[in-house]
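Numbering (the numbering used here), first residue to last: 1 to 284. Beta carbons are placed, not taken as given, at the ideal position from N, Cα and C, and that holds for glycine.
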Ligand code: PRT
Ligand code: ZN
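Okay, here's the thing in structure tokens:
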């Protein structure tokens, strides 16, 4: 039995539960701080604030955790990042009031920067030889300049709309983050390590299938070579004869980003009855 810590509420909660669900693992409703047993895998889930997840995993209170790389870097606990999970993407950036005439990084010398990420910021400032004062604020960092609590901020940016709404502009993108699966550093129990390997295998299969569609179509036998030239597949497309003479069915896996372009090309060479299906897992 392994124990995983996931965020109880907030931006990573839903995606974490979805990843588990699409990996065949059902977990009960979030109850912060309480343990819940999952169905479909020897797994217990503990719901925590994201701030506490790196520490819980470092201490071995949980064997695994799902948390942003920003929290892992900021908290500085000894955990292993074992699998990037492709959601929760954001960056931590320096932003300043839009009225400022920005001259480059040296502008920050002698300035006050408000942030909830002092460790990552201090590391960056030291590396660049910038001497600024860091003010730690835990919530709503973006309002600090308007309240004279800082000349600039260092905060998480995703779409950028929070900055715009507060009259700020992003001038330096410093740290790029996404959700990551972290593991306790001192795990030696073979059974747990086996379970973790199985879980990672399921997660990877699910992550690899994202952005892929399973496409089936009928095509005249004479156009099969032209269709194969257009189509990728796990190895190559599958071709099956139809009961109707002179026709085949082709099955292929196509990236969502190429889907409509490929469908247009396939129709042009005679493909008909095209079915597009969601792909839940891609087990290689
Ligand atoms: O209660 P708990 O402590 O668990 O949650 P929290 O409030 O500390 O964290 P939460 O749920 O807001 O974020 C969890 C994680 O999601 C973060 O640690 C990041 O790894 C990731 N993430 C991804 C984000 C964002 N995108 C994001 N946009 N975290 C925060 N934001 C906030 C940001 O602080 C700013 O206020 O959204 C605003 C900016 O968004 P845009 O889209 O306007 O640029
Ligand atoms: Zn938090």
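Within a Cβ cutoff of 6 Å, which residues of the same chain sit near residue i, ignoring the five residues on either side of it in sequence?
{"i": "residue 89", "result": "178"}
{"i": "residue 202", "result": "23"}
Got a sec: does ligand 1 put a non-hydrogen atom nearer than 8 Å to the Cβ of residue i?
{"i": "residue 127", "result": "no"}
{"i": "residue 9", "result": "yes"}
{"i": "residue 115", "result": "no"}
I'd like to confirm something about residue i: is its beta-carbon nearer than 8 Å to some heavy atom of ligand 2, or not?
{"i": "residue 155", "result": "no"}
{"i": "residue 75", "result": "no"}
{"i": "residue 81", "result": "no"}
{"i": "residue 14", "result": "no"}
Residue i CB to nearest chain D CB: under 9 Å?
{"i": "residue 41", "result": "Although the question refers to chain D, the structure presented lacks it and comprises just one protein chain."}
So, is residue i buried or exposed, given that buried needs 16 or more other C-beta atoms within 10 angstroms?
{"i": "residue 126", "result": "exposed"}
{"i": "residue 54", "result": "buried"}
{"i": "residue 145", "result": "buried"}
{"i": "residue 278", "result": "exposed"}
{"i": "residue 65", "result": "buried"}
{"i": "residue 138", "result": "exposed"}
{"i": "residue 166", "result": "buried"}
If I measure Cβ to Cβ from residue i and keep anything under 7 Å in the same chain, skipping five residues before and after, which residues do I get?
{"i": "residue 269", "result": "223, 226, 227"}
{"i": "residue 26", "result": "38, 39, 40"}
Out of the options, which has the shortest C-alpha to C-alpha gap to residue i?
{"i": "residue 160", "options": "251, 79, 93, 248", "result": "93"}
{"i": "residue 170", "options": "180, 155, 183", "result": "155"}
{"i": "residue 49", "options": "16, 17, 77, 6", "result": "6"}
{"i": "residue 13", "options": "58, 68, 141", "result": "68"}
{"i": "residue 16", "options": "46, 258, 117, 91", "result": "46"}
In the DSSP assignment, the beta strand (DSSP E) including residue i goes from what residue to what residue?
{"i": "residue 133", "result": "133–136"}
{"i": "residue 54", "result": "Looking at the DSSP string, residue 54 is not in any beta strand (DSSP E); the run it does join, the alpha helix (DSSP H), is 53–59."}
{"i": "residue 269", "result": "That residue, residue 269, is in no beta strand (DSSP E); it is neither H nor E in DSSP."}
{"i": "residue 17", "result": "Where residue 17 is concerned, there is no enclosing beta strand (DSSP E), although the alpha helix (DSSP H) it sits in stretches over 13–22."}
{"i": "residue 118", "result": "Per DSSP, residue 118 belongs to no beta strand (DSSP E); it is in the alpha helix (DSSP H), 118–128."}
Along the alpha helix (DSSP H) that carries residue i, what are the first and last residues, could you check?
{"i": "residue 106", "result": "That residue, residue 106, is in no alpha helix (DSSP H); it is neither H nor E in DSSP."}
{"i": "residue 164", "result": "161–165"}
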